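Numbering (the working numbering), first residue to last: 837 to 1022.
Below you'll find the structure, written out as structure tokens, and then a few comments.
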Amino acid sequence: MKIAVIGVQGDVMEHIEALKRVFNRLKIDGEIIWARNKNELQKVDGIIIPGGESTTIGKLMSISGMDKVVIELAKQGTQILGTCAGAILLSNIKLINIKVDRNAYGRQKDSFEAQVTTPLGKMDGVFIRAPLIKEIQKEARVFAKHKKEIVGAEQDNILALTFHPELSGDAKIFQYFLRKIIDSKK
Ligand code: GLN
């Protein structure tokens, strides 16, 4: 199994480390790529767009043509996970029908950790200058909630989370992501 983490800006290494831990635990023989250009997205089974600065990541993805490749692969059914800035970008490139409010909780100092409810159970969510999902449209479904607010959405092969599962030490999201990849190949 081959997973690419879009590696132009943001917490790329944290995603790679989190994935490695899950590969080891599930004894999956997997490869994780720090993808800096579109060629590195060839023949991957899954793509992660990390947290960071969505404007910067978006610009760099567009300059390198990675955005078009991600859109194309998503349409072919490649599993995609976007966290925080990654969730904003998935909405911007219209891979998931959600409306997102950037920096919805305020400034950097308003970052926090809180419990999140998901179909995989409750988990710790790390919110860093996080966006909020204001609206879920068409095929998109609520995936995660914090209190009454929507902090995660899913639409088929696309999963968008406003928090950082790679920072909490809880591997449930990554296991779920890998499970979706395995199931989609059956
Ligand atoms: N505030 C950032 C943005 O709007 C997202 C923050 C993050 O990814 N942790 O792009």
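Even for Gly, the Cβ is constructed at its ideal location relative to N, Cα and C.
Quantities reported herein were computed from a predicted structural model and do not represent experimental measurements.
With a cutoff of 8 Å on beta-carbon distance, Ile869 and Val880 are scored as near each other. In the same chain as Ser1020, and ignoring 5 residues on each side of it, the C-beta atoms closer than 8 Å to its own belong to Gly913, Gln915 and Asn993, in chain order.
According to the DSSP assignment, Ala940 belongs to no beta strand (DSSP E), since it is labelled neither H nor E. The beta-bridge partner set that DSSP reports for Phe859 is empty.
Judged by DSSP in its simplified three-state form, Glu889 adopts coil rather than helix or strand.
The alpha-carbon separation between Leu925 and Lys863 amounts to approximately 31 Å. Placement of the Cβ of Ala996 at a distance of 7 Å or more from every heavy atom of ligand 1 is found. Under the three-state reduction of DSSP output, Val880 falls in the coil class, being neither helix nor strand.
In the assembly as shown, Pro967 is a buried residue. Its beta-carbon has 16 or more other beta-carbons within 10 Å. By the criterion of a C-beta distance shorter than 6 Å, Gly988 is surrounded in its chain by Phe979, Ala980 and Leu997, once the five residues flanking it on both sides are discounted.
Residue pairing by DSSP places Gln951 opposite Asp960 in a beta bridge. Between the region 894-914 and the region 944-957, the count of C-beta pairs closer than 8 Å stays below three; the two stretches do not touch. DSSP, reduced to helix, strand and coil, places Glu1002 within a helical segment of the structure shown.
Each of Arg943, Glu990, Lys945 and Ile972 was checked against the Cα of Thr954, and the nearest Cα belongs to Glu990.
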